[in-house]
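Step one of this worksheet: look at the structure below.
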Amino acid sequence: EDWLADPAEYEHEVMVYVDLIKRTAAEPPATLLHLGSGAGGYDVIFKRHFIVTGVDLSLGMLNKARIVHPDIEYIEGDMRTLRLNRQFDAVAIPDSIDYMASKDDLRQAIQTAVMHLKTGGVLLVVAKTRETFQNNNFAYSGEKDAIHVTLFESNYINPFRPNTYEATFVYLVRQQGKLTIHTDHHVLGLFSQAVWDEVFKNARITMKKTNLDGIYDSYLLKGGKYPLTVFMGQKA
1419 EDWLADPAEY EHEVMVYVDL IKRTAAEPPA TLLHLGSGAG GYDVIFKRHF IVTGVDLSLG
1479 MLNKARIVHP DIEYIEGDMR TLRLNRQFDA VAIPDSIDYM ASKDDLRQAI QTAVMHLKTG
1539 GVLLVVAKTR ETFQNNNFAY SGEKDAIHVT LFESNYINPF RPNTYEATFV YLVRQQGKLT
1599 IHTDHHVLGL FSQAVWDEVF KNARITMKKT NLDGIYDSYL LKGGKYPLTV FMGQKA
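The numbers in this note's numbering rise by one with no breaks, and the one at position 51 of the sequence shown is 1469.
Written out as structure tokens, the structure is:
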């Protein structure tokens, strides 16, 4: 994130989410619970508009976020089981719902999000649907503090593992004339629209969807498109 994120593109993407939250809310939202907040990249923009509370499972990511944003409360927790005993004007899951790799994980995460919403509060979830997702390859590069990083990412729908896709990462890190290569691999959730509808219905929240196109298309190898779906709704 430190080496590969383009601040201008981050701002464009996150401002789309801020605008959707504000337009969906009946009254101007003041507080935001950010589930899967990572190292705090999105919070640079979120905190301009809301009082942010961030939650992540990774202590390492949280420690980075706390250094960058000492004004934000960060909590170590699992979005499937988190219980803060307080409610917020909005809950956002903009970049981490894919880590819910089973229907039960997804159900628990959405229930957690709704549980932490005030009546009339807004839920935003940025997701992929099985109907629109496809195999893709990406390349990113960036440099900071004399460290150059190139990342190749492969997204693959494994036909033998339903409701999932595989994300494999290869990092080329160059520092002081030396190259090191790192790899990472994740099995992530990929669900049909029908599953999303069922999960939202069971959580007793009515959601509408809008397409988010073009955010990552410039990083695709051999062109193509990378459509995302933004689900928005209010707690009754």
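Beta carbons are placed, not taken as given, at the ideal position from N, Cα and C, and that holds for glycine.
For residue j and residue i, the rounded distance between their alpha carbons
{"i": "His1683", "j": "Phe1578", "result": "One cannot answer for residue 1683 here, as it falls past the ends of the chain, which runs 1419 to 1654."}
{"i": "Leu1451", "j": "Gly1472", "result": "6 Å"}
{"i": "Gly1459", "j": "Lys1521", "result": "28 Å"}
{"i": "Pro1645", "j": "Gln1593", "result": "34 Å"}
{"i": "Ser1610", "j": "Tyr1558", "result": "28 Å"}
{"i": "Asp1496", "j": "Ser1476", "result": "9 Å"}
{"i": "Glu1549", "j": "Val1648", "result": "14 Å"}
{"i": "Lys1440", "j": "Pro1446", "result": "6 Å"}
{"i": "Ala1564", "j": "Lys1626", "result": "45 Å"}
{"i": "Val1588", "j": "Ala1444", "result": "44 Å"}
{"i": "Leu1480", "j": "Leu1500", "result": "16 Å"}
{"i": "Pro1512", "j": "Val1544", "result": "5 Å"}
{"i": "Gly1642", "j": "His1487", "result": "36 Å"}
{"i": "Ile1599", "j": "His1566", "result": "12 Å"}
{"i": "Lys1619", "j": "Val1436", "result": "24 Å"}
{"i": "Leu1597", "j": "Arg1484", "result": "30 Å"}
{"i": "Lys1562", "j": "Val1591", "result": "11 Å"}
{"i": "Leu1438", "j": "Thr1586", "result": "31 Å"}
{"i": "Glu1494", "j": "Ile1515", "result": "16 Å"}
{"i": "Asp1461", "j": "Tyr1492", "result": "11 Å"}
Buried/exposed call for residue i, threshold 16 Cβ in 10 Å
{"i": "Glu1571", "result": "buried"}
{"i": "Asp1602", "result": "exposed"}
{"i": "Gln1526", "result": "buried"}
{"i": "Asn1554", "result": "buried"}
{"i": "Gly1595", "result": "exposed"}
{"i": "His1430", "result": "exposed"}
{"i": "Ser1636", "result": "exposed"}
{"i": "Pro1580", "result": "exposed"}
{"i": "Asp1631", "result": "exposed"}
{"i": "Gly1456", "result": "buried"}
{"i": "Gly1539", "result": "buried"}
{"i": "Gly1651", "result": "buried"}
{"i": "Ala1448", "result": "exposed"}
{"i": "Asp1474", "result": "buried"}
{"i": "Lys1640", "result": "exposed"}
Residues that residue i bridges to, as DSSP identifies them
{"i": "Glu1429", "result": "Glu1429 is not bridged to any residue."}
{"i": "Gly1472", "result": "His1452, Tyr1492"}
{"i": "Ser1559", "result": "Thr1568"}
{"i": "Gln1652", "result": "Val1540, Thr1624"}
{"i": "Asn1554", "result": "Asn1573"}
{"i": "Ala1545", "result": "Thr1647"}
{"i": "Leu1638", "result": "Phe1556"}
{"i": "Leu1657", "result": "With the chain covering 1419 to 1654 only, the question about residue 1657 has no answer from this structure."}
{"i": "Leu1630", "result": "Leu1646"}
Supposed close pair residue i, residue j - CB separation, criterion 8 Å
{"i": "Gln1529", "j": "Ala1621", "result": "5 Å"}
{"i": "Ile1490", "j": "Val1509", "result": "With a Cβ gap of about 15 Å, Ile1490 and Val1509 do not count as contacting."}
{"i": "Val1605", "j": "Thr1582", "result": "5 Å"}
{"i": "Leu1541", "j": "Phe1506", "result": "About 10 Å; that fails the 8 Å criterion."}
{"i": "Gly1454", "j": "Leu1524", "result": "With 8 Å as the limit, Gly1454 and Leu1524 do not qualify as a contact, their Cβ atoms being about 13 Å apart."}
{"i": "Phe1551", "j": "Ile1575", "result": "7 Å"}
{"i": "Lys1653", "j": "Thr1537", "result": "6 Å"}
{"i": "Val1656", "j": "Ile1463", "result": "In the structure displayed, the chain extends from 1419 to 1654; residue 1656 sits before or after that span and is not available."}
{"i": "Val1532", "j": "Ile1633", "result": "Actually they do not touch by this definition, with Cβ atoms about 26 Å apart."}
Curious, which full-length alpha helix (DSSP H) runs of at least 4 residues does the region 1570-1623 contain? 1611-1620
Complete alpha helix (DSSP H) runs within the region 1482-1534 (minimum length 4 residues, chain order): 1521-1533
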